[in-house]
Each structure stands twice: as C-alpha cells, then as structure tokens.
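Novice:
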Amino acid sequence: MFNALSTRKRLLATTVLCGAIAPMAIAMPAFAQTAPAAAEAVQVEEIVVTGSRIARPDLVSSSPVATVGEKELEQSGVVNTENLLNTLPQAVPGITSTVNNGSNGTATVNLRGLGSNRTLVLVDGKRQTPTTQAGSVDLNLIPPALIKRIEVVSGGGSAVYGSDAVAGVVNFILKNDFEGMEVSAGYQATDDGEAPIYSGDVTFGANFADRKGNVVLSLGYNKREALTQGERGGMLGSAWGDNATRTGLVPSGSGSMEPGRVDPFVATKFITLPGVANLAANSAFFLPDGGVRLYNATNDTYNFAPVNYVQTPQERFSVTSLASYEIKPGLTAYAKGNFVNSKVVTQLAPTPVGNRIFRFSLDNNPFLTAAAKTALNSIGSSTAYSIPASSPWATGTYTDIDTDGDGLFDTVTGSFNKRLSDVGPRVAAFNFTGFQIQLGLKGDIEAINGGFDSYFQYGNSHGSNTLLGDTSLVRIQQGLLLNAAGTACADPSGGCVPVNIFGQGNMSAAAANFIKTRINSSQDYEQLYAGFTFNGDTANMFSLPAGPIGFAVGGEYRAEDFAFNPSQDLATGNLTGFNASPAVAGRFDVYEAYAEVLVPILKDLPFVKSLDLELAGRVSDYTTQSDPVETYKVAGTWKPFDDLMLRASYNKAIRAPSVGELYAPQSNGFPTSTDNCSARAAPNAATRQACINSGVSASAVGVINANQQTQTLSGGNPNLRPEEGKTITYGFAYTPSWLPNFSITGDYFSIEITDAIANFGGSASNVMNVCYGTLVNGNPSSPYCQAINRLPNGSIDYISLTAQNVATVKTEGFDVGITYRTTLEDLGLPDWGSLSIRSLYTNTWESTTTPDEISTPIKCADKFGTRCGNPTPRHKLRTAANWKMNQFGLNLVWNHLDDVNDDAPATKYTVERIGAKNYWDLSADWEVSDNVAFTGGVKNLTQEAYPILGGNASPSNSGYPATYDVLGRTFFLNARLRY
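The opening position of the sequence shown corresponds to residue 7 in the numbering used here, with each subsequent residue numbered one higher.
(1) Expressed to the nearest angstrom, what Euclidean distance is found between the alpha-carbon atoms of Leu337 and Ser460?
(2) Could you tell me the alpha carbon to alpha carbon distance between Ser703 and Ser387, rounded to whole angstroms?
(3) Confirm, please, whether the CB-CB distance from Asn107 to Thr138 is below 8 Å.
(4) Please classify Leu293: does DSSP put it in a helix, a strand, or coil?
(5) Assuming Arg322 and Asn512 form a contact by the criterion Cβ under 8 Å, report the distance between their Cβ atoms to the nearest whole angstrom.
(6) CA-CA distance, Ala33 and Ile454?
(7) Looking at C-beta atoms only, is the number of pairs between the segment 287 to 306 and the segment 540 to 550 that lie closer than 8 Å three or more?
(8) In this structure, how does DSSP classify Met891 when only helix, strand and coil are distinguished?
(9) Pro356 by DSSP, collapsed to three states: which one?
(10) Quick one, are the C-beta atoms of Ala867 and Thr878 less than 8 Å apart?
(11) Roughly how far, in whole angstroms, is the beta-carbon of Lys218 from the beta-carbon of Glu332, given that I think they are within contact range, below 8 Å?
(12) Can you tell me whether Lys914 is helix, strand or coil according to DSSP?
(13) Smallest Cα separation from Gly6: which of His881, Asn361, Tyr391 and Thr114?
(14) Just the C-alpha distance for Ala959 and His902, rounded to the nearest angstrom, thanks.
(15) For Thr885 and Val899, I'd like the C-alpha separation in whole angstroms.
(16) Drop a sphere of 10 angstroms on the beta-carbon of Arg524, count the other beta-carbons inside from all chains shown, and report buried for 16 or more, exposed for fewer.
(17) Buried or exposed: where does Leu6 fall if 16 or more other Cβ atoms within 10 Å of its Cβ makes it buried?
(18) Return the CA-CA distance between Gln350 and Gly875, expressed in angstroms with no decimal places.
(19) From Leu414 to Asp497, what distance separates their C-alpha atoms?
(20) Taking the C-alpha atoms as reference points, what is the distance between Ser1 and Gln893?
(21) Using C-beta distances below 7 Å, list every residue in its chain close to Arg252, excluding the 5 sequence neighbours before and after it, in chain order.
(22) Across which residues does DSSP place Arg593 in a beta bridge pair?
(23) Would you report the Cα separation of Glu237 and Gln353, rounded to the nearest angstrom?
(24) In whole angstroms, give me the CA-to-CA distance for Ser528 and Pro588.
(25) Among the candidates Tyr535, Val418 and Asn471, whose CA atom is the shortest distance from the CA of Leu486?
(26) Please say whether Asp909 and Gly871 have beta carbons closer to each other than 8 Å?
(27) Could you pull the DSSP bridge partners for Asn228 from this structure?
(28) Out of Ser962, Gly731, Asp633 and Pro663, point me to the one whose CA is closest to Thr760's CA.
(29) What is the rounded straight-line gap between the Cα of Glu452 and the Cα of Ile757?
(30) Between which two residues does the alpha helix (DSSP H) harbouring Gln574 extend?
(31) Below 8 Å on the Cβ atoms is my contact criterion, and I expect Leu128 with Tyr167 to pass it. Report the Cβ-Cβ distance as a whole number of Å.
(32) Closer than 7 Å by C-beta to Ser573: which residues in its own chain qualify, once you throw out the five before and the five after it? Chain order, please.
(33) The beta strand (DSSP E) with Gln993 in it runs from where to where?
(34) Could you say which of Leu841, Leu90, Glu80 and Cys777 lies nearest to Thr969 if we only look at CA atoms?
(35) To the nearest angstrom, how far is it from the Cα of Ala245 to the Cα of Phe570?
(36) Under the rule that 16 or more other beta-carbon atoms within 10 Å means buried, what is Ser787, buried or exposed?
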C-alpha cells in the first residue's frame, strides 16, 4: 500500500532508518572497556516515566501521572480494559461494550472528553497502530493478559511523543520479562445470568542462554454474549419519549412504523380522507387490507427498542510474542509480534424508510383498496413538478396523468415512512484484525552515562464490515412502478418483483429478497514507524553545582496509509437504513526531531532541596503541510524540603489532521435551503445590503432565480492545518515523613485547543442565515460568506461544508490523588494484615466547545444532552481500598459521578437532571498456594439504577450506557494457575 516516495523524502526516511541502527556502532567501544572498581559501588536503577524520555532515579514527574497496576486489573475482573479506564476521573467514556447504536466495533479511551483521536495510545512507550480513518486506536487490539500496568498522563505530550497527545497519553506497559507459565480463566454475568463473558489466557515465558535472553508467548481468547433490550425487559424494553407537557415519560418510538404511511410530496397537495379536513399535514396510515386512515403521531409509533443490544457480542483471539537477548553486556536486541482478531456485532431495529420520496403506481395498484386509491389520488399533480437530485432513485420532472380517464392518476409521488420488518433487523458485523511487528536494539553508552534505543515497527489494522437487513432505494422504486395490468414491474430487469409497502406484513418473500442488499466494506490502516533515542546526562563531561544535566535526543519517521473500500450501494448511498460511506484513501509521512533536557538549578540549600527545569521541543515535517510544525514543553519542579514538591508545566501540543479529515471525498447534497439573496427569498432591506456587502451585484439581489434546494459539498479538506493545544498544569506532591506511606497530589489543569477541526457551519441554511444576518452582515472576510460560492450570474454554485480549522475547545479543572499504605498493627489494631487506600478525584468546572467565531459557546461541564453528548460530571471520584492478610485479600471500590443537567435550556424535557450515581464494587482474592489463585467479586453491588431518558437520550439504550451502568449487578470469577 505504501507508494514510492520522492527522492528527497526517500533520503530523509533512509536517514532516520540508518539512525535507528547507528547507535549500535556508537555504543560498541564502550563495551570493551573495563569499568574502574569504584564504579562497582551500589547503583540506583534509573527508570523512564511516561511523559518524558529522560531516565531518572525516581517516579517523580513534572506532569501528573495516574497508574493502574496489574493487581488492580485482576481485582476489577475486567476483560475489556476500556471499562476500567473509563472509571478513571480523567476519562470520559468513548465506545464501550454497551454502546450499540453509534458503535463502529472498536473500543476507545477519551481523556478529558476531548475525543479519542486527541488521546495518544502507546504500548511500551511506542505508538500503537490506529484503526479508523479518524486515527483512533482500538483498545481491543491490545492483549489484556500481558498488561503489567497502565500509565495515564493528562495534558499535552506532543513535545515528547508527537502528534495526537493533546489531551494526554495512555501507555500500556507489557510484561516483557515473564518466566514460567500462567493459565487464567474467567467468567462473569449479571445476577440473572444474562450477558455472560468468558475469557481464557495462557502465557509462557522462559529465559535462555544463561539468562541473557527471554521469550514470552501469550495466547488469549474471550467471548462476550449478546443481550437485547427486549431480553432485559423492564423500562429498557420500550422506547421512551416525553409527554406533551414534558412532565413524564410515555412509550414512544419512531414515525417509521411497520404498517407504513405516506405524505404528499407536491406542495399544496393533500390526502383526502372521509370526515377529515383536507390539510397538507394529513398523513395516510396503511391498514392490513391496503386501506388507509389518518395517521396518529401519538399512538402509531414503532417501538424500536427490543431488538437493540444492551451488550454487543464480541469474540476475540490474540497471540503475542516478546523476545529480548543480551548480545553482550550493555547491548540488547528485542522484538515484539502481536496478532489480534476482534469480531463485534451490533444490531438495530429493522431498516426504516424515513421521509423517502417514491413514485408509485396508483390506478392499477392491486395492493390498495378502491377507497385508498381515491384518498391518495389527491396527492397527484397535473402540473409539472420536480424531484430533487437528493433523491437520485426518483429524481426528474414529472406530470401525473390519467390515461384511461377514470379519474385516478396512473402514477403519483409521495413521501413514505415505513419499517421494513419483512427483511429482518439491521445487523452490522465488524471484523478487525491487527498485527504489529517491532524490532529494536538498545544499550548503554558510557560516555553519556546513559544509553540508546533504536526501533523499527510495522503495523496493520485490517477491518471488514458486513451490513445485513438493509434495502436498496433503487430497487424499492423499481418495484413500486407496475405494468398496465398491475401484475408485474413496469421494468422487469434484474428479476424485479412488485413491492407491497402498503400495510404490515403484506410484502411477499420474493419482494423482500429483491429489495434486500448485502453491504460490504473493507479498510486497512498501515503504519511504518522508526526512530532512535539517546538519553543520559553530562556527568562524564561536566556538572552544574546542583548536578549533571539530563537529556534525551532523537528522531522518528512515520508513514500512515489508510484505505476504505465500500461496496457500490454503500458508496453511493443506495440504502434505506445506513448512511452512505464513500471510498477514502490517503497517506501522510512525517519526519521528526526532538530534544529534552532536565537541568538541576539548585540543590541542598535552605528551602531548596532541589529546583529543576525541564525543557522539551520537537519539530515535525508533514508531507501534508507546507511548513514544519513545532511543539514544546517548559516545566519545573521545586522541592522546598524532602516532603513537598511543587510542579508546573506549559505544553504546546498538536494534532495533525487524520487521513479521513484530509482525504474523505467531497460528496454533494441538495438540502432544502433557499438562497437569501434570490427572488424566491424576497430579501428585505437589511438582507439586501448584506448580500451586496458579500459581493453579490446590486442588480442581481432579489432577482436571482433559485430552487428550494441548494447544492452543498462536504467531506475532507486537504488544506487543513494541525490543531494546536496549549496545556497548563501546576500543583504539588506531598509525602509527609511523619506519616509513612502516605502521599497526596493536587494539580490544576487547563487545556485549550485552537484551530480545532470540525465540519463548518452545520447546515447550508445556517451558513446563509449567519452570513446574511446581523452579526456578519455579509462581511466577505467571514468564513461563513467565504463558504458560499457563486457563479458569475450571482446564483449559488455550491456551499462548502467541508472540515475546517474553525472550532475552539477548552477544559479546565483540578485533580487530587491520595494513596496510603499501612498495617492494622500500626493503627493500634490487632495484627490482622495490611490496608491500602488509593483515591483519585477530578473537578471539571469548564468543558466548552465554540464551533466557530459566530456560534454561541456550548458549555458541557456538569451537562449532558443533544449538544454535549455523554455526561461530563463536575465531580468524579474513584476510591479503592484493599485489605490483605496472608493469602487473603478484600477489595472495595467506590465510583462517584456527580449530578448533571440537560444542556438545552430553551427546550424542556421530562428528565432535566440526572442525579448523582454511586457504584460500589466488591471483590476478594485468595492465593491458595504459590501456583493457584482465585479472584471473585460483584460489580454495582447496590444495583444503582440506570437513568432512562426521553428526547434527550443518546441513540443507545434510552440513556447514556457508556457513562452509567446499564447491566446492573454483575458477578465475576477468575482463576489463575502459575508455574
């Protein structure tokens, strides 16, 4: 898939790849030297903390780091790691196992609610291959059995790791030194035995060559069974809406129901029903015998909830191998291979025909009663009318005629709503396969008192998607037009069968098969990634009075290539139940150089135990950008005394446009929107002046001929610039010497993203209303007016709604972390073991998105709803307490989510506020011996109720299942066997 590069780019790539190998030659002389005897004194092992590439003797960092350890993963009983990550206060849930409508088969993590594509996912400090065209990583492709710990750094990290680390970094650290064999098996289900999940893992590890080498092989499997809303029952078994006064929930649903209904399409036309006033708003509801009656919007809705999944089914296989070999003291080669296959299925209600325009035979239609034909005849028109290009299966100009003079039109046009249960539910089967190969060489360099790491990595995420239960708009239209006798299709090509959509259960099996369409798509995301790093200090060259300067320098090359290949019906939008997805293909290359220094300024002075300055910078040259982009970091730590550390940092981060944002093809649409400067719009004096201000000729304003529909263009934008994020953090870490094993941290954070990428304007009507409204008044420099492209005669050619750098996103708050470990004996109690407590708290008082310079900011802190989406509670708390005595342990976890309010003050809903939620998880572990251990527990012990909403719910499960537990009390049991 990777195409040939230009000579310049090829040379640059070769330079980086050579740099990944060169450190071996640089380091070689040091291995032949014999260190002085004095050097054999006890040394402190240095480690690299996520957020920096500089090795240091402790876990102290200028950036806040939250860690989830292996034990915590085991005690939580999670099979999918995103479910545990989403309980961290820093995270806002993304796509999870309980998201059905809106799921693309992946699992994501979303730090600070800034989007999964603004959270960088690493494995052992190196990038994981993305899965989607947006650049998001599927966490399903990271093997859970090998996770040693997860480190989460909130705030910008682009200076250290490159693009995408705007909200922060999630680093999965794997067990790369495992020895022995471990077999684990797990099971979990609700207290009713529903939604079971099975998991099993086998891990082997061995040392060889006198412990110079180590190899690890891990095999994993898990299966997650489906659970539908209908099977769950209760309030989840129904779709809900708000009553007329918005004071209570009532059973509701979709206006596309199984019997079906039809509305007039031609303006001023209506449906004639006995005893009913002739109004354009009348809608004809089809009866089982082909008759019609007046549609009742309150009672004639379709309950789409029962077949939707509460838990989406998944089957996952993984094979991972890690290897390392010490070639000689101080020089180690390492390798990693990872293969994962994840299959996820989502299921929606049968495909809806929603406000779709069709022409259909009337006079000779055998499926309609005589009374129904009379009632529908009045929607016909003997005056020419046009069906717009936005309905390409029926587009054209028509005049309805009565050939036999019996008073009934041969063919008429209507706007249909129907639920096609005849073809079964809509099922989307996602099949993702990911593999990643990594080769590296790392070692010590005595001259810099440090070492090097050089690496090469290739990864591919392949996905295929099969959509079942959808239908072809073209074939429905073909089957609605009958021959003169009404016995067959007027166009019998392709095996056409007359289609009866006039009443519930009336469609023949042959017709259902004819209109069905099987949709397929495939996608590939390839990543080529190579780099090298030198890190160390200046101790062997010089030192400042406070100590040597630590440093890390390096370079990276990365090429990313994405291709999405849909079947024809999916690409063209010839579908009733799924959106069109045109083909996408594109790539980018980036060449990067970075440096980082840790400068000790003062040390061991009164009120200055240490004072350090940390600087980092990175230059990135993208093939999609005309100029290189720079990111940087300025941070510092000050320890007035041993117990207290103050820290602060300022980061400039970026997120480069994804392949999809750059290269998604432009597709046209024809929404209903009238040119404000046209004769049809009859502009008033203020609008007329705004049109002139924007550049429309004064002689053309109010004279331009315009249709009710205006052409739009939307899709990717190759001229997008990288987003810029500026992060400020400052806080403290206090570890009192008078209270051993206790620590508390507090950190303020502020992240502001400018030039954020978003679809511009929202709609053609909104773009025109803003451009020619009082705020912009036709200012030609406004992006709203620049989006309107006109022909020389003044008429609109098209309105551009492509992705642009127009939005601003800001979040602000404060994090607190507390840890404490002690024994009960130290607390003055009997010697009954040890106790540890860890608590993480986040107060998010601002989470605001400003779509563009004109729009009103959307404030989402403490909010949920149709504009903000998933709830963003202001206060989030996660506290875990662990008691351990000998081989027994007891664990209690409390997750608290503050109450949230609806985000649309101008619209009233029955549920305007979701109250605070408290989730209690209890588990116990028993180490039977050195070889056998069990962990069992219960999640949502107190059965905290899932909030059911009406019109302000998400598309899934009548609420927000990614945030609130929709399954209720769940039990789990895991067993481990070690040798």
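Virtual Cβ for every residue (Gly too), placed ideally from N, Cα, C.
Values in this document were obtained by computation on a predicted structure and should not be read as measured data.
Specialist: The structure says:
(1) Each residue's Cα considered, the two are about 11 Å apart.
(2) When rounded, the distance between both Cα atoms is 37 Å.
(3) Contact flag unset, no.
(4) The answer is coil: DSSP assigns Leu293 none of H, G, I, E or B.
(5) Between Asn512 and Arg322 the Cβ distance is about 42 Å, and since that is not below 8 Å, they are no contact.
(6) Note on Ala33: pLDDT 38, under 50, position unreliable in the model; no value is reported.
(7) No: fewer than three Cβ pairs fall under 8 Å.
(8) Met891 falls in the strand class under three-state DSSP.
(9) Assigned with DSSP and collapsed to three states, Pro356 falls in coil, not helix or strand.
(10) Yes, they are a contact pair.
(11) Indeed, because the Cβ distance is near 4 Å, the residues count as touching under 8 Å.
(12) Lys914 carries a coil assignment under DSSP once its states are collapsed to helix, strand and coil.
(13) A query on residue 6 cannot be resolved here, the shown segment of the chain reaching from 7 to 985 and no further.
(14) One C-alpha to the other measures close to 21 Å.
(15) Distance between the alpha carbons of Thr885 and Val899: 6 Å.
(16) In summary, Arg524 is exposed, with fewer than 16 beta-carbon neighbours lying within 10 Å of its beta-carbon over all protein chains present.
(17) Absent from the structure is residue 6, since the part of the chain shown begins at 7 and ends at 985.
(18) What sits at residue 350 in the sequence shown is Val, not Gln. Each residue's Cα considered, the two are about 23 Å apart.
(19) Taking the straight line joining both Cα atoms gives about 22 Å.
(20) Any property of residue 1 remains undetermined from this structure, which presents the chain solely from 7 to 985.
(21) Once the five neighbours on either side are set aside, the close Cβ partners of Arg252 are Lys914, Tyr915 and Thr916.
(22) Answer is Asp567.
(23) Going from the Cα of Glu237 to the Cα of Gln353 covers about 14 Å.
(24) The C-alpha of Pro588 is placed about 12 Å away from the C-alpha of Ser528.
(25) Ranking Tyr535, Val418 and Asn471 by Cα distance to Leu486 puts Val418 first.
(26) Yes, these two residues count as a Cβ contact at 8 Å.
(27) Looking at the DSSP assignment, Asn228 forms a beta bridge with Ser205 and Arg322.
(28) Cα-wise, what sits closest to Thr760 is Gly731.
(29) Cα to Cα, Glu452 sits roughly 40 Å from Ile757.
(30) Element bounds for Gln574: Gln574 to Thr578.
(31) Indeed they touch by this definition, with Cβ atoms about 7 Å apart.
(32) Contacts found: Ile525, Asn526 and Ser527.
(33) Here the chain comprises residues numbered 7 to 985, so residue 993 is not present and cannot be evaluated.
(34) Among Leu841, Leu90, Glu80 and Cys777, the Cα nearest to that of Thr969 is on Leu90.
(35) Looking at the two C-alpha atoms, the distance is approximately 34 Å.
(36) Counting Cβ neighbours within 10 Å, Ser787 comes out exposed, since fewer than 16 surround it.
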